[in-house]
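Novice: Heads up, the sequence shown stops at 246 in my numbering, and the numbers go up one at a time, no gaps.
Note that the Cβ used here is the ideal one computed from N, Cα and C, for glycine as well.
Quick caveat, the model's predicted, so the values are computed rather than measured.
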Amino acid sequence: MMRILLDECSYEWDAAFDICRKVFAYTNHTVMSEALEKWNVDIFRSTLPRIWQIVQEMDRRCRADLEKAFPGDQGKINYMAIIGDNQVRMANICAYTCHSINGVSKLHS
């Protein structure tokens, strides 16, 4: 949606991201890390170059927000960032972009 709003509808970043935040909600079905989808950065970048640019900007902004929330806590910032350990973390994109997160069991709520 960000790509469409930016590239096809000519929205500025903040306006496009605000729309995405209002539209998206995230439902998480598990907290097991092995079940959370992650994509290798090299494959992502070569397969989806424009989306990669957008994800990089999301990560930059996410890290800036995390630095404000957790000053100097690089461990927490790196763990919660969108890009880390040579992977794009899909759950972290969802958590950063959506307006609400829903867990499907008591364990998640």
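Where does Val225 sit, in a helix, a strand or coil, going by DSSP?
Specialist: In the structure shown, Val225 sits in a strand (DSSP, three-state: E or B).
Novice: Extract the residue ranges of the alpha helix (DSSP H) inside the segment 168-207, only unbroken runs of 4 or more that lie entirely within it.
Specialist: Entirely contained in the segment 168-207, the alpha helix (DSSP H) runs reaching 4 residues are, in chain order, 178-184, 186-206.
Novice: Work out the CA separation of Gly240 and Arg187 for me, nearest whole Å.
Specialist: Cα-Cα distance, rounded: 31 Å.
Novice: Report the rounded CA-to-CA distance for Ala232 versus Asp179, giving the unit in angstroms.
Specialist: Computed Cα separation, rounded: 23 Å.
Novice: In three-state DSSP terms, what is Gly212?
Specialist: Of the three classes helix, strand and coil, the one that applies to Gly212 here is helix, per DSSP.
Novice: With the cut-off set at 8 Å, would you say Ile191 and Arg158 are in Cβ contact?
Specialist: Taking 8 Å as the Cβ cut-off, Ile191 and Arg158 do not qualify as a contacting pair.
Novice: How would you call Arg197, buried or exposed, if buried means at least 16 neighbouring beta carbons within 10 angstroms?
Specialist: Under this definition Arg197 is an exposed residue.
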